[in-house]
Structure formats: C-alpha cells, structure tokens
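This report concerns only the one structure given below.
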Amino acid sequence: MQEIIYFGGGCFWCTEAVFDRVQGVLDVESGYANGHVPQPSYEQVCEGTTGHAEVLKVSFDPAQIALHTLLEIFFGTHDPTTLNRQGNDVGTQYRSGIYTTSPEQQAQVQAWVQALNQDKVFGAPVVTEVLPLDNYWPAEGYHQDYFARNPHQGYCAYVVGPKVHKFLHTFAAYAKKGE
Numbered sequence: 187m188q189e190i191i192y193f194g195g196g197c198f199w200c201t202e203a204v205f206d207r208v209q210g211v212l213d214v215e216s217g218y219a220n221g222h223v224p225q226p227s228y229e230q231v232c233e234g235t236t237g238h239a240e241v242l243k244v245s246f247d248p249a250q251i252a253l254h255t256l257l258e259i260f261f262g263t264h265d266p267t268t269l270n271r272q273g274n275d276v277g278t279q280y281r282s283g284i285y286t287t288s289p290e291q292q293a294q295v296q297a298w299v300q301a302l303n304q305d306k307v308f309g310a311p312v313v314t315e316v317l318p319l320d321n322y323w324p325a326e327g328y329h330q331d332y333f334a335r336n337p338h339q340g341y342c343a344y345v346v347g348p349k350v351h352k353f354l355h356t357f358a359a360y361a362k363k364g365e
C-alpha cells in the first residue's frame, strides 16, 4: 500500500534531499502545489503571483514508516514558525505547508500542528499551512534530484547539505541503509 502527502518546507531542493533518504519513502518529486495558474514554470512561481508553494510529493509505505514519523522529520528539518520564508528564501512560494490527500491525513496533521503550538515546541507559533491538496504540477526536470546531481553547487553546499547532515544526525534511525 502507498500513500502520498505533499510537504512545503521552503526550497524543494532541501526537502527533496532530506526525504529521499528516509526509509519507507518510495519516491519523491519536486513540484508546485495549491496555486491558481495551470502548469506554472519555476520563473512564474518565483515571481510570487501564481499562489503556488514549492513542495515535495512524498510517496510512502505506511507499513514501513508512519505519517507521524514523516511529520516529525518535516518539522525537525525546517523552521515552521516563519511566514513565507526559510532562511534567505523569501516569498509565498517558500511557505511552510502540508497538503494532504485524505481526510485522515488532514485530521492527523492538524492535530500534530495543534499539539506543537499547545506545547510551545518551537517557542513561537507554527505557521505551517495545512490544507487538502488542490492541485499539483511537477517541477521542471532540472529540479529533480538537484542536490544529488549538484552537491558542490553553492546553495547545495551551504544550505541543502547542512539540512541533510542535520537529518542524518538527528533522525539516523530513519535513514535508508548506506546514508
């Protein structure tokens, strides 16, 4: 059995590089979600006028990894307290968001966010948008597996690499063998 959920944690290169290394994740794909322009280009999304978030489509096997574990990794590898921003990436396309594909996912994610806020886990309110997936468009081919293909590119070396390192250090028990 396979489930799909969409995570927006800023730049999709970062999110993809993390979730590509998670046990039980069957496939990842960078793309754009919940905007109002059909088949947007990266340039259009970067203008901030399409309403899309940069997201990662995560296909996973719930028998191998629970949704709550994916949520733990998602919230542990980006800042869910900054509105429309992750580090130096600023704009609505970089918002923290989770786009669900079932009422069960929606309820579980909403409860998770509510608990994070109630327990003041981050010391500031979680601003992660939690909505059912309205639409999704895959990003251009050159965005797919970007970190794996360009580990020494500046952004990858200084932004993506540290996120991957943090995942491998903090969530080592969930990393695929050989990572």
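One point on numbering: in this note's numbering, the residue at position 80 of the sequence shown is 266, and numbering is uninterrupted. For glycine and all other residues, C-beta sits at the position ideal for the given N, C-alpha and C.
Nonlocal neighbours in the same chain, by C-beta distance under 7 Å from Q330, ignoring five residues either side: Once the five neighbours on either side are set aside, the close Cβ partners of Q330 are E215, S216.
Would you decide whether H264 is buried or exposed? Buried here means 16 or more other CB atoms lie within 10 Å of its CB. By the neighbour-count rule (16 or more Cβ atoms within 10 Å), H264 is buried.
Can you check which of these residues, F261, G283, N303, F260, is closest to L269 by C-alpha distance? Closest by alpha carbon: G283.
Quick one: any contact between the region 238-245 and the region 201-210, if contact means 3 or more CB pairs under 8 Å? The region 238-245, when compared against the region 201-210, does touch it at the 8 Å Cβ threshold.
Would you report the Cα separation of L212 and F357, rounded to the nearest angstrom? Roughly 18 Å between the two C-alpha positions.
Would the region 283-295 count as touching the region 314-325 if we require 3 or more Cβ pairs under 8 Å? The answer is yes - the region 314-325 touches the region 283-295, with three or more Cβ pairs under 8 Å.
The beta strand (DSSP E) spanning V316 covers which residue range? It spans 315-318 - the beta strand (DSSP E) in which V316 sits, taken as one unbroken run.
Less than 8 Å between the C-beta atoms of Y280 and G196, yes or no? Contact: yes.
Three-state class that DSSP yields for V214 in the structure shown: Strand at V214.
Chain-order list of residues whose beta-carbon lies under 6 Å from that of T236 (same chain, five-residue window excluded): Within the same chain, Cβ atoms closer than 6 Å to the Cβ of T236 are found at G221, V223, P226, Q230, the five residues on either side in sequence being excluded.
Please confirm if D275 has its CB atom under 8 Å from at least one CB of chain B. The chain labelled as chain B is not found in the depicted structure, where only one protein chain is given.
Which residues does DSSP pair with K243 in a beta bridge? According to DSSP, K243 shares a beta bridge with Y192, E215.
What's the gap between the Cα of Y360 and the Cα of T287? Their backbone Cα atoms lie some 23 Å apart in a straight line.
Identified DSSP bridge partners for P266: Looking at the DSSP assignment, P266 forms no beta bridge with any residue, so it has no partner.
With H, G and I counted as helix, E and B as strand and the rest as coil, what does DSSP make of V208? In the structure shown, V208 sits in a strand (DSSP, three-state: E or B).
So the candidates are Q209, Y228, E290; which of them puts its Cα closest to the Cα of Y328? If we check each option's Cα against that of Y328, Y228 comes out closest.
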